[in-house]
Amino acid sequence: MKEAYNFEEIEKKWQKIWAESRIFEAAEDPAKPKFYCLEMYPYPSGRIHMGHVRNYSIGDVIARFKRMRGFNVLHPIGWDALGLPAENAAIKHGTHPQKWTLDNIDYMRSQLKRLGISYSWSREVNTCLPDYYRWNQWIFLKMFEQGLAYRRLSWVNWCPQCRTVLANEQVVAGRCWRCDSEVSQKKMEQWFLKITAYADELLSGHEQLSQWPGHVLEMQKNWIGKSEGALVNFKVPAIKKDIEVFTTRIDTIYGATFVVLSVEHPLTAELIAGHPEKEKLLDWIKKTIAESRAKREIKEEEKVGYDTGLKAINPFTGQPVPVFLANYVLMDYGTGAVMGVPAHDQRDYEFATKYSLPITPVIKPASPEIQPLPGQAFEEYGILINSGEFNGLSSEEAMEKMAGLAETKGFGRKSVTYRLRDWGISRQRYWGTPIPVIYCEKCGLQPVPYDQLPVEIPFKAEFTGEEGSPLEKIPEFVNTTCPQCGGPARRETDTMDTFVDSSWYFFRYCSPGETRLPFKPEKAAYWLPVDLYIGGVEHAILHLIYSRFFTKYLRDLGLTRIDEPFPHYLAQGMVTKDGSAMSKSRGNVVDPDEMVKTYGADALRIFILFASPPEKEFAWSEEGLEGCYRFILRIWNLAEENLDLFQEKGVIAAGQFDEASFQRLSKKLHQTIKKVTDDIEQRFHLNTAISALMELTNSLKKGRDLLRQSREGRELLAEALTDLILLLGPFAPHLAEELWQKTGRTTLVAQTSWPSYNPELAKEEMITIVVQINGKLRDKFEVEAETEEEILKEKALSLPRIQELLGGREPKKIVCVKNKLVSLVV
RNA sequence: GCCGGAGUGGCGGAAUAGGCAGACGCGCUGGACUCAAAAUCCAGUCCGAUUCACUUCGGGUGUGGGUUCGAUUCCCUCCUCCGGCACCA
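Mapped onto the numbering used here, the consecutive letters of the first sequence carry residue numbers 41 to 866.
Below, the structure written as structure tokens:
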């Protein structure tokens, strides 16, 4: 009697066996090649979504495959468990963030287990536990000692909805990356991590990241925004101060007819001190600063500026030029002041036209074919004119010489500027890592001594949603003693950005219980770097650049020797439905739980891998999932109907078959093993690997009746089924284990070697050669593989159809390609 | 505006090194089974002609061009979509 496919029973059964046998736990073993397979850990928001299912299914195929290939695989998971949603839930529903988070983790853990992902569960990391975040504090203190963590008053991005500060990376088109509110500017004391100290290395490190998608590298490169140029000082005699400008075009400096400062520039107050309309100006400055980033970033916004009435001296020409304040100069970049060269910079051109400032061309096109467009700045490189002793030089030569002159004369120098800003990590919220700093009235700012770590998040707190961090309102937390003098002192109430947690969690997995250091260096040395990192591209700049920064810092601390944590990054595509990303607001969310319940984890896994390659977008369709369920059912029935073969005594055939149809099937089997292996190993094209498995299944089904008629055929069928089950192991692990057991095996598929193929058998022996006349397909013939070109040519020309078409004409040219085609030109 | 990426049947996608376009799956159509339906199984399914029929011919990978015996694949033009950056001096 054939047994029905009861996925629920089967899947639970094997999940239990895997857990009890602990076969996915990993230990360092220098004798075996290691493979660290990592997927981005989830934020425990409540439930797993399809994006997670996709991410973790991809990772699991790789992890299971590598294990079967003989690798010592580390495949861990954890929880990015600190963060705003927990606190918002507390405000809304009165649940404590800790309870909310831990409950969510419990539920989501059970969901991942229900999917049959082969994690090393003993290494689970949870960032909201003091065990973990104390090391955030430890790393922070190390950085603080070296001046890489510092506090400064600065303009920051403020999200009114989240009521906290955001890092530049977390502001997307002027809006909060999390809640989409418009971000405003606020001047606050903030803690920063000096990621800019690594700007150059973060950029040059890209050379080691050849296995990253190009567009992600491009995005990081743009974000770091390295630009080489020069700093030049313009003296302002009236206030006896210098204005330092940054320019990438020092060759145009003879055309600098004004200087513009950002409204946030530290010199503004002094510059307008004596201005007749000072009050009006101050008003405008205030208004401009307060304007949201979003508004200021709209390109169409008109350039507005005010003349301070003061003059600055162009150090090259010696001529005085007016000093302006304007809304189009960013304090964030360079020095917050620029020289205005209207003839050769479009923005300056617009500004100069509006305020009737002189426009002096100092660059002429290098060749007559290039002509400057009327009414626009000429921004190309060219030949210098109107530039005194530099006339006639090319822009490139001039930049070199002029920077040199500025340096010798002491009013400038070559310089490199980055767009990358230091990482503002202060968050005015409760559910985050407390920044381990104490303020003493007598001794000032004091780091918390290492032996007092962790500074724990106090459990008792009020979640009112009112302005200010809940931590500020907890006297037991705020009031403390100074580690220096023992006197009364106050704790820092800002907590860290949660991206700090995720910047080094992949180190923690190597020794999750470590109590002396963030991680055991020897263990990390064995496992790291991560051999394959898989996750959504939405973290292309944020998480992936912070992690690279932390890795380099930890290296400099001597805790690791690697430069890059993720030499190979697979950016997984989005899961969409009806043309857009699944989201609650669109109401197009499909719940994985329901799908697992209806079709089983194996079918869901197969489908989410089958419908498109990992890096591309994935369009959800329940019909597609049903198709994969049918595929599983076909395999199940095929195996069930042939279980008797495994009772027969005898050697499993080694691939020598007389019957032609058997040979074809045997060949198909070996080709399938080859294709599935290559697709997983070399391309990560899991979709085509699955389609190859479908083809093999179809072939076996078609050939089954014939095969069963002879001893030889039965052996072949048994061999094919055996390999098919093993090949299914990474994709549909529960099904594979169950069938493996049904065929009489007492081992686990997960611990069995990946099937090998015979390359000779995988090769086609007979090849179809295509015959073309003038590039058009006219006929085909079968020939043994590797047949020489000469013979192909003769054979092609002798074909009756070809002779007929040629009609006696002699081909002008004949192109023969072995194993491919014969192409005739007449 | 700048920088990337992508455009292939009704749909998701395949074609790995320039060589038979459309594998595999979905959907659809017809058939078998059934009193009937579902499920399952079998056959067909790029478009247009052509043939009683096995066929045969033409067109076809966003557009227009180029290189080549031969282009989904390489080069150029334009269009569309997606992503990133967006006064970066």
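Backbone N, C-alpha and C define an ideal beta-carbon position, used for all residues, glycine too.
Margin query: Per DSSP, what are the beta-bridge partners of Ile-353 in this structure?
Written below: As a working mapping, residue 353 is identified with position 313 in the first sequence. Paired residue(s): Lys-275 and Pro-360.
Item checked: Every unbroken alpha helix (DSSP H) within the segment 767-797, with a cutoff of 4 residues, ordered by chain -> With a minimum length of 4 residues, the continuous alpha helix (DSSP H) runs that stay inside the segment 767-797 are 773-782.
Note to self: Considering Cα atoms alone, identify which of Ile-475, Leu-740, Met-734 and Glu-655 is closest to His-255.
What the structure shows: Along the first sequence, one-based indexing puts residue 255 at 215. Checking every option, the nearest Cα to that of His-255 belongs to Glu-655.
Notebook entry, point to check: For Ile-338, is the classification buried or exposed, using 16 other Cβ atoms within 10 angstroms of its Cβ as the cut-off for buried?
Noted result: Translated into positions along the first sequence, residue 338 becomes position 298. Model confidence at Ile-338 stands at a pLDDT of 48, short of 50, so the residue's coordinates are unreliable and nothing is read from them.
Check: If you draw a straight line from the alpha carbon of Thr-535 to that of Tyr-81, how long is it in whole angstroms?
Finding: The sequence position of residue 535 within the first sequence is 495, counting from 1. The sequence position of residue 81 within the first sequence is 41, counting from 1. Between the alpha carbons of Thr-535 and Tyr-81 lies a gap of roughly 21 Å.
Notebook entry, point to check: Is it a yes or a no for the segment 141-159 touching the segment 51-67, going by three-plus beta-carbon pairs under 8 Å?
Noted result: Output reads yes: the segment 51-67 touches the segment 141-159.
Next item on the list: Going by CA-CA distance only, name the one from His-774, Met-371 and Pro-799 that's closest to Lys-12.
Entry: Past the edges of the chain, shown from 41 to 866, lies residue 12, and the structure says nothing about it.
Item checked: Other residues of its chain near Tyr-609: CB distance less than 6 Å, five sequence neighbours each side excluded -> Numbered from 1 along the first sequence, position 569 holds the residue referred to as residue 609. Answer for Tyr-609: Trp-252 and Tyr-573, listed in chain order.
Notebook entry, point to check: Shortest alpha-carbon distance to Pro-569 belongs to which of Glu-447, His-579 and Ile-602?
Noted result: Position 529 of the first sequence, counting from 1, holds the residue named residue 569. When each option's Cα is compared against that of Pro-569, the closest is Ile-602.
Notebook entry, point to check: Who does Met-806 pair with in a DSSP beta bridge?
Noted result: Numbered from its first residue, the first sequence carries residue 806 at position 766. As DSSP reads the structure, Met-806 sits in a beta bridge with Glu-824.
Check: So is Ser-701 buried or exposed if we call it buried at 16+ other beta carbons inside 10 Å?
Finding: On the first sequence, position 661 is the one that residue 701 refers to. Ser-701 counts as exposed, since fewer than 16 other C-beta atoms from the protein chains shown sit within 10 angstroms of its C-beta.
Note to self: Suppose contacts are defined by Cβ-Cβ distances below 8 Å. Is Gly-349 in contact with His-315 by that definition?
What the structure shows: For the purposes of this step, residue 349 is taken as residue 309 along the first sequence, with counting starting at 1. For the purposes of this step, residue 315 is taken as residue 275 along the first sequence, with counting starting at 1. The Cβ atoms of Gly-349 and His-315 lie closer than 8 Å to each other.
Notebook entry, point to check: What residue from Arg-818, Leu-817 and Leu-832 has the CA that sits closest to Glu-824's CA?
Noted result: Taking the first sequence and counting its residues from 1, one reaches residue 824 at position 784. Looking at Arg-818, Leu-817 and Leu-832, the one whose alpha-carbon comes closest to that of Glu-824 is Leu-832.
Next item on the list: Using beta-carbon positions only, say whether Arg-645 and Phe-771 come within less than 8 Å of one another.
Entry: Translated into the one-based positions of the first sequence, residue 645 becomes position 605. Translated into the one-based positions of the first sequence, residue 771 becomes position 731. With respect to the 8 Å criterion, Arg-645 and Phe-771 are classified as neighbours on the basis of their beta carbons.
Notebook entry, point to check: Near Ala-334, which residues of its chain fall below 6 Å by C-beta distance, leaving aside the five closest residues on each side in sequence?
Noted result: Walking along the first sequence from the start, residue 334 turns up at place 294. Unreliable positioning characterises Ala-334 in this predicted model, as indicated by a pLDDT of 47, which lies under 50. The coordinate reading is nonetheless provided below. Only residues of its own chain outside the window of five on either side were considered, and among them Gly-214 and Glu-222 have a CB closer than 6 Å to the CB of Ala-334, listed in chain order.
Checklist line | Met-379 and Ala-296 closer than 8 Å at C-beta | finding: If you number the first sequence from 1, residue 379 lands on position 339. If you number the first sequence from 1, residue 296 lands on position 256. Between Met-379 and Ala-296, the CB-CB gap stays under 8 Å.
Check: Cβ atoms of Val-862 and Val-39: under 8 Å apart, would you say?
Finding: The first residue shown for the chain is 41 and the last is 866, placing residue 39 beyond what the model contains.
Next item on the list: Below 6 Å CB to CB, which residues in the same chain sit around Trp-676 once its five sequence neighbours on both sides are set aside?
Entry: Reading the first sequence from its first residue, position 636 is the one you call residue 676. Tyr-45.
Note to self: Just to confirm, is the Cβ distance from Gly-667 to Ile-131 under 8 Å?
What the structure shows: Within the first sequence, numbered from 1, the residue matching residue 667 stands at position 627. Within the first sequence, numbered from 1, the residue matching residue 131 stands at position 91. The Cβ atoms of Gly-667 and Ile-131 lie no closer than 8 Å to each other.
Item checked: CB of Tyr-458 within 8 Å of CB of Ile-730, strictly -> Translated into positions along the first sequence, residue 458 becomes position 418. Translated into positions along the first sequence, residue 730 becomes position 690. With respect to Ile-730, Tyr-458 sits apart: the two C-beta atoms are not nearer than 8 Å.
Margin query: Comparing C-alpha positions only, which one of Glu-777, Pro-125 and Leu-181 sits nearest to Val-487?
Written below: Here residue 487 refers to the residue found at position 447 when the first sequence is read from its first residue. Per the sequence shown, residue 487 should be read as Pro rather than Val. Relative to the Cα of Pro-487, the nearest Cα in the group Glu-777, Pro-125 and Leu-181 belongs to Leu-181.
Margin query: As an exercise, report each continuous beta strand (DSSP E) stretch of at least 3 residues that is fully enclosed by the segment 608-671, in chain order.
Written below: Correct list: 609-612 and 615-617.
Item checked: Tyr-549 (DSSP reduced to helix, strand or coil) -> Numbered from its first residue, the first sequence carries residue 549 at position 509. In the structure shown, Tyr-549 sits in coil (DSSP, three-state: anything other than H, G, I, E or B).
Next item on the list: Compare the Cα-Cα distances from Leu-839 to each of Glu-436, Lys-853, Leu-864 and Asn-859 and report the closest residue.
Entry: As a position in the first sequence, residue 839 is number 799, starting the count at 1. Leu-839 has its Cα closest to that of Leu-864, out of Glu-436, Lys-853, Leu-864 and Asn-859.
Note to self: Measuring only the C-alpha atoms, how far is Met-271 from Gln-177?
What the structure shows: Translated into positions along the first sequence, residue 271 becomes position 231. Translated into positions along the first sequence, residue 177 becomes position 137. Just to set this straight, residue 271 is Leu in the shown sequence, not Met. Rounded to whole angstroms, Leu-271 and Gln-177 show a C-alpha spacing of 37 Å.
Notebook entry, point to check: Does the beta-carbon distance from Gln-10 to Leu-582 come in below 8 Å?
Noted result: The first residue shown for the chain is 41 and the last is 866, placing residue 10 beyond what the model contains.
Next item on the list: With DSSP collapsed to three states, give me the class of Ala-44.
Entry: Mapped onto the first sequence, residue 44 falls at position 4. Of the three classes helix, strand and coil, the one that applies to Ala-44 here is coil, per DSSP.
Checklist line | Inter-residue Cα distance where the pair is Val-540 and Pro-170 | finding: As a first step, residue 540 is located in the first sequence; it is residue number 500 there, counting from the start. As a first step, residue 170 is located in the first sequence; it is residue number 130 there, counting from the start. When rounded, the distance between both Cα atoms is 14 Å.
Next item on the list: Count the other CB atoms, across all protein chains shown, that sit within 10 Å of the CB of Cys-480; report buried if there are 16 or more and exposed otherwise.
Entry: Within the first sequence, numbered from 1, the residue matching residue 480 stands at position 440. It is buried - the Cβ of Cys-480 has at least 16 other Cβ atoms within 10 Å.
Next item on the list: Mind reading off the beta-carbon distance from Ala-529 to Thr-521? Whole number of angstroms is fine, and I expect it under 8 Å.
Entry: Residue 529 sits at position 489 when you count from the first residue of the first sequence. Residue 521 sits at position 481 when you count from the first residue of the first sequence. Correct: roughly 6 Å between the Cβ atoms.
Item checked: Of the residues Glu-578, Phe-590, Thr-600 and Gly-575, the one placed nearest Lys-563, counting alpha carbons only -> As a working mapping, residue 563 is identified with position 523 in the first sequence. Of the candidates Glu-578, Phe-590, Thr-600 and Gly-575, the residue whose Cα lies closest to the Cα of Lys-563 is Thr-600.
Next item on the list: With a threshold of 16 other CB atoms inside 10 Å of the CB of Tyr-586, please say whether the residue is buried or exposed.
Entry: Stepping through the first sequence from its first residue, residue 586 is reached at position 546. That one is buried.
Margin query: Relative to the C-alpha of Glu-532, which candidate in Ser-543, Ile-425, Glu-516 and Ile-117 has its C-alpha closest?
Written below: Locating residue 532 in the first sequence gives position 492, where the first residue counts as 1. Ranking Ser-543, Ile-425, Glu-516 and Ile-117 by Cα distance to Glu-532 puts Glu-516 first.
Next item on the list: Take Gln-524 and list the residues in its own chain whose beta-carbon comes closer than 6 Å to its own, dropping the five residues that flank it on each side.
Entry: Indexing the first sequence from 1 puts residue 524 at position 484. Only Cys-483 and Gln-486 meet the Cβ criterion.
Item checked: Given 8 Å, three or more beta-carbon pairs between the segment 306-324 and the segment 434-443 -> Taking a cut-off of 8 Å for Cβ pairs, the segment 306-324 and the segment 434-443 do not touch, as fewer than three such pairs fall below it.
Next item on the list: Using the Cα positions of Ser-750 and Leu-685, report the straight-line distance between them to the nearest angstrom.
Entry: Along the first sequence, read from residue 1 onward, the residue named residue 750 stands at position 710. Along the first sequence, read from residue 1 onward, the residue named residue 685 stands at position 645. In this model, Ser-750 and Leu-685 are separated by some 11 Å (Cα to Cα).
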